[in-house]
Amino acid sequence: MGDVRRAEDIPAGTGKEKEPDTAEEQFDAAGLRALLRFARPYRGALLVGIGLGLLGSGAALAQPLAAREVLERVGQDGSLLRPILLLVALVLGGAALSGIQLFILERSGERMVLGLRLTLVRRLLRLRMKEYDRRSVGDLLSTAGADTTLLRSVITANVLDAVSSVVMLVGAIALMAYLDWVQLVSVLAVLLVVGLGVMPALSRIKSATERAQEGLGQMTAGLERALGAIRTVKASVSEERESERISEWARTSYAAGVRSVKLDAVVGVSSGLAVQLSFLMVLGVGGMRVANGSISAADLVAFLLYILYLASPIMIIVAAVTQLQKASAATARIAAVNDMEAEPMPGSAAPVVGEAVPLAGTGATAGPSTPSGGPPSSVTFENVSFGYREDVPVLRDVSFHIPAGAKAALVGPSGVGKTTVLAMLERFYDPETGRVLLGDRDLADIPLNELRRQIGYVEQEAPALAGTLRENLLYTAPATTEDQLNAVVEASRLGALVRRLPDGLDTEIGDRGTQLSGGERQRLAIGRLLLSRPRLVLLDEATSQLDSVNEVALREAIEELAAGCTMIVIAHRLSTVAASDVIVLLDHGGVRRTGTHEELMAEDELYRDLARGQLLSGDRAVTAGSPVPAEVDG
Numbered sequence: 001m002g003d004v005r006r007a008e009d010i011p012a013g014t015g016k017e018k019e020p021d022t023a024e025e026q027f028d029a030a031g032l033r034a035l036l037r038f039a040r041p042y043r044g045a046l047l048v049g050i051g052l053g054l055l056g057s058g059a060a061l062a063q064p065l066a067a068r069e070v071l072e073r074v075g076q077d078g079s080l081l082r083p084i085l086l087l088v089a090l091v092l093g094g095a096a097l098s099g100i101q102l103f104i105l106e107r108s109g110e111r112m113v114l115g116l117r118l119t120l121v122r123r124l125l126r127l128r129m130k131e132y133d134r135r136s137v138g139d140l141l142s143t144a145g146a147d148t149t150l151l152r153s154v155i156t157a158n159v160l161d162a163v164s165s166v167v168m169l170v171g172a173i174a175l176m177a178y179l180d181w182v183q184l185v186s187v188l189a190v191l192l193v194v195g196l197g198v199m200p201a202l203s204r205i206k207s208a209t210e211r212a213q214e215g216l217g218q219m220t221a222g223l224e225r226a227l228g229a230i231r232t233v234k235a236s237v238s239e240e241r242e243s244e245r246i247s248e249w250a251r252t253s254y255a256a257g258v259r260s261v262k263l264d265a266v267v268g269v270s271s272g273l274a275v276q277l278s279f280l281m282v283l284g285v286g287g288m289r290v291a292n293g294s295i296s297a298a299d300l301v302a303f304l305l306y307i308l309y310l311a312s313p314i315m316i317i318v319a320a321v322t323q324l325q326k327a328s329a330a331t332a333r334i335a336a337v338n339d340m341e342a343e344p345m346p347g348s349a350a351p352v353v354g355e356a357v358p359l360a361g362t363g364a365t366a367g368p369s370t371p372s373g374g375p376p377s378s379v380t381f382e383n384v385s386f387g388y389r390e391d392v393p394v395l396r397d398v399s400f401h402i403p404a405g406a407k408a409a410l411v412g413p414s415g416v417g418k419t420t421v422l423a424m425l426e427r428f429y430d431p432e433t434g435r436v437l438l439g440d441r442d443l444a445d446i447p448l449n450e451l452r453r454q455i456g457y458v459e460q461e462a463p464a465l466a467g468t469l470r471e472n473l474l475y476t477a478p479a480t481t482e483d484q485l486n487a488v489v490e491a492s493r494l495g496a497l498v499r500r501l502p503d504g505l506d507t508e509i510g511d512r513g514t515q516l517s518g519g520e521r522q523r524l525a526i527g528r529l530l531l532s533r534p535r536l537v538l539l540d541e542a543t544s545q546l547d548s549v550n551e552v553a554l555r556e557a558i559e560e561l562a563a564g565c566t567m568i569v570i571a572h573r574l575s576t577v578a579a580s581d582v583i584v585l586l587d588h589g590g591v592r593r594t595g596t597h598e599e600l601m602a603e604d605e606l607y608r609d610l611a612r613g614q615l616l617s618g619d620r621a622v623t624a625g626s627p628v629p630a631e632v633d634g
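Following full-length UniProt numbering, the numbering of the sequence shown begins with 1 at its first residue and continues without gaps.
Here is the structure:
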C-alpha cells in the first residue's frame, strides 16, 4: 500500500475575523505559504502533476498555430493531411495529459487531507483538559471535517492548477505578441481595467468565508450540545427553543455563505466579461487590419483562438486567488489547534508535521496496556493551589498525606474541590503552585502514560463509549482472557444483564451507553476498574446509583482489589466513609482537618454537621451514634 504523510506545521493563527488592510493580506501570501507547507510531503507527486500540466499547456498553445497552418495550406492548395494529423494529435494528447494530471493531483489531495485529519485527531485527543473546557466539541469537529476538506479542494483544484495556468497565460500572451503586438496591447488594457475593478471583491471573500465557517462550527457545536442532553431537552419541552438557537447559527452561516457566493459571482462574471470584450474588440480591429494587409486572415484566426485560450487560465487563476481567501479562514482555524496546549506525551506537543503513516493503519487498535501490578504508593499533596479560572481559585494551599495501601475518603461541602483533587492525581490539570507526589516521585516527573496506567479512575457519571459491552470492559485491559472477563462480569454484578441481552457481551450499548441505566453504567465502570489492576484507585461516587444489594456486592469486590493498592474515594454512603483509614475534610478550598471518622466526630463541628445531614438522608448502614458525611460534588 502507499503511504500518507501528515501536513507540515501550521502557522499560528487566531481565527478571528479581520478585514485585510495590506496588499499581502489581500493576496494572503501567508495562507499560500501554509498551503504549500501542507503539500510539501507530496512534492514528488505534485511536481509530476505540474509537469503534466505544463506539457498539456504546451500542447494547447500549439493548437492555434497548427490551425493557422491548416488555413494557410487551404489558401495555398497544399496537402492538409499532415497539419490536420498534428492538430488531432495535439488535441488528444492534451486531453490525455489533463486526465492523468487530474488523477494524480486529486489523489495527492486526498492523501494530504487524510494525513492532516489523522494528525488533528491525534492532537485533539491529547490536548490539556483546560482546552476542552474552553471550547465546544462541535467546533473542534468542524475543524477536523469541513476545514480540512476545503483545504484539499484549494491545494489540488485551484492553487496547483494555477501554476500551469500561469504558464498557459504567459505562453498565450507571448504568441499573441508574435502574431500582432498592437492588438495585444489593447487586450491587456481591457484585462487590466477589469482586474482592478474586481480586486475589492477578492479582499472581502476571506472575511465572508470566515463568518460562514464560524457559523457552521457554532451550529455543529449547538447540535452536539442538544443531542448530548436530549433527554433533558425533551423533558423540558425545549425542542423548539434549541431548534431556533441552532437555526440562528445556521442562518448566520447561510448569510455569510451567500455573500461569499455573490462575491464569487462578481469575480467570475467580470473575468469572463473581460475575455469576451477582448474578443469583440479584436474581431473588429483585427478585421480592419486584415483588410489593410497588416496581418493575414490566418494570423487573425490564431489570435482569436489565443484570446479564447486566455479565458480558462484567467478564470483558474482568479478562482485560485478567491479560494485562497476562503482557505485562509480554514487555515486559521486549524492553526488554532496548534496554539492549544497539549499534554506532555511523546508526539502530542508536536504540531501538524509531515510524517508517513500507512494507508491501511498500523493495527494498533487494541488500546492501552495495563501494568503487571506492583506495590501500592502513598499520595501526598504539598501546598497545592489551583483554579480553573485565574480569578476563581478552587484549591488553596492544600496539603495532606495518604499512606501506601490506605483507604482514604475526601469529604466536605459541595464545591470545595474534591473531584478536582482526583483530577489532579490523573494530571488532567497541574498545580499552579505546590506539587503532588505518588510515593516519592513528583507527578510532573512521571510520564503521563506510565502514571495513568497505574491509576484506576471511576468518574462520577460513569460514562460509557459507543460500542459493545465487551469493548467497554476491555478498554483498559485488551489482553484479558475470556475466563478473567467472565469472572469480572460476575464480580461487577453484570452477569444477569449479560444473560438478558440478545448478544450478551457483544451487545451494542448505544452512544455514550444510552442503552444502559445509570446503575448499569456504574457497574460497567467498576468492572473495567477490576480488570485494570491499578496501584491507585480513584472512585468519585462510584456506587451512587446502585441499590443496596448491588452496592454491598460491589463493595466487597472493590475492597478485595483495594487490598493491594491505595484507594481514594468520594462517597455518599456513610458506611464507605466510616470504613476509611484516613478522611480528608475539605472546606473553602483547603484542608480543614484529617483523621479517622472517630477523631473527626470528636474534634470537628463541620464534620459533625455533615454527618447529621447524612443521617437525615436515610443511610442505615451506620448507627446514629457514628454518622459520617457524604457530600460529593467537587
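From the three backbone atoms N, C-alpha and C, an ideal C-beta is built for every residue, glycine too.
- Message: Using beta carbons (cut-off 7 Å, strictly below), is I173 in contact with chain D?
- Response: Any reference to chain D falls outside this structure, which holds one protein chain only.
- Cβ-based burial, E560 [other Cβ within 10 Å; buried from 16]: exposed
- Taking all protein chains shown into account, decide if H597 is buried (16 or more other Cβ within 10 angstroms of its Cβ) or exposed. buried
- Classify S79 as buried or exposed, calling it buried when 16 or more other Cβ atoms lie within 10 Å of its own Cβ. exposed
- Cut-off 6 Å between Cβ atoms - residues of its own chain near A525, not counting five sequence neighbours on either side: V458, A462
- Exposed unless 16 or more other CB atoms sit within 10 angstroms - verdict on S580: buried
- Task: Assign T476 to buried or exposed, taking buried as 16 or more other Cβ atoms, counted over all protein chains shown, within 10 Å of its Cβ.
- Result: buried
- Ignore the nearest five residues each way along the sequence and tell me which others in T480's own chain have a CB closer than 7 Å to its CB. L474, L531
- Grouping DSSP H, G and I as helix and E and B as strand, with all else coil, what is A177? helix
- Query: Using the C-alpha atoms, what's the distance from V167 back to T514?
  - Reply: 59 Å
- Item | S98 - DSSP class collapsed to helix/strand/coil | helix
- Item | N-terminal and C-terminal residue of the beta strand (DSSP E) that R500 is part of | Here R500 belongs to no beta strand (DSSP E); instead the alpha helix (DSSP H) covers 495–500.
- Task: Check F279 in the structure and name its three-state DSSP category.
- Result: helix
- Message: Going by DSSP, what residue range makes up the alpha helix (DSSP H) through E490?
- Response: 482–491
- Cβ neighbour criterion (16 or more within 10 Å) applied to M199: exposed
- Would you mind sorting G347 into buried or exposed? The rule is 16 or more other CB atoms within 10 Å of its CB. Its pLDDT being 47, under 50, G347 is placed unreliably by the model, and nothing is read from it.
- Message: Considering only the alpha carbon of each residue, which of L140, R592, D587, V121 lies closest to A330?
- Response: L140
- Could you please give me the residues that DSSP links to I402 through a beta bridge? V379
- For L125 and R608, the rounded distance between their alpha carbons: 43 Å
- Query: Where does the unbroken alpha helix (DSSP H) through Y132 begin, and where does it stop?
  - Reply: 129–134
- Task: Use the C-beta contact count for L227: other C-beta atoms within 10 angstroms, 16 or more gives buried, fewer gives exposed.
- Result: exposed
- Message: Please list the terminal residues of the continuous alpha helix (DSSP H) segment that includes V577.
- Response: 574–578
- First through last residue of the beta strand (DSSP E) which encompasses G527: Counting along the chain, G527 falls outside any beta strand (DSSP E), though it belongs to the alpha helix (DSSP H) covering 518–532.
- Along the beta strand (DSSP E) that carries G434, what are the first and last residues, could you check? 433–438
- Which word fits D180, buried or exposed, when buried means at least 16 other C-beta atoms lie within 10 angstroms of its C-beta? buried
- Residue(s) in a DSSP beta bridge with V185: DSSP, once it has assigned bridges, lists no residue as partnering V185.
- Where does D511 sit, in a helix, a strand or coil, going by DSSP? helix
- Message: Buried or exposed for S492, going by 16 or more other Cβ atoms inside 10 Å?
- Response: buried
- Residue range of the unbroken beta strand (DSSP E) whose run includes R592: 590–595
- With A423 as the anchor, note down where its alpha helix (DSSP H) starts and where it stops. 418–425
- Whose CA, out of Q218, V91, I104, V185, lies closest to the CA of A146? Q218
- In whole angstroms, what separates the C-alpha of A95 from that of A45? 19 Å
- Item | DSSP state of L586 mapped onto helix, strand, coil | strand
- Task: Taking all protein chains shown into account, decide if S399 is buried (16 or more other Cβ within 10 angstroms of its Cβ) or exposed.
- Result: exposed
- Query: Skipping 5 residues on each side, what residues in its chain have a beta carbon closer than 6 Å to that of A366?
  - Reply: Note that A366 has pLDDT 41, beneath the 50 cutoff, so the model's placement of it is unreliable and no number is given.
- Local Cβ density within 10 Å of D299, reported as buried at 16 or more and exposed below that: buried
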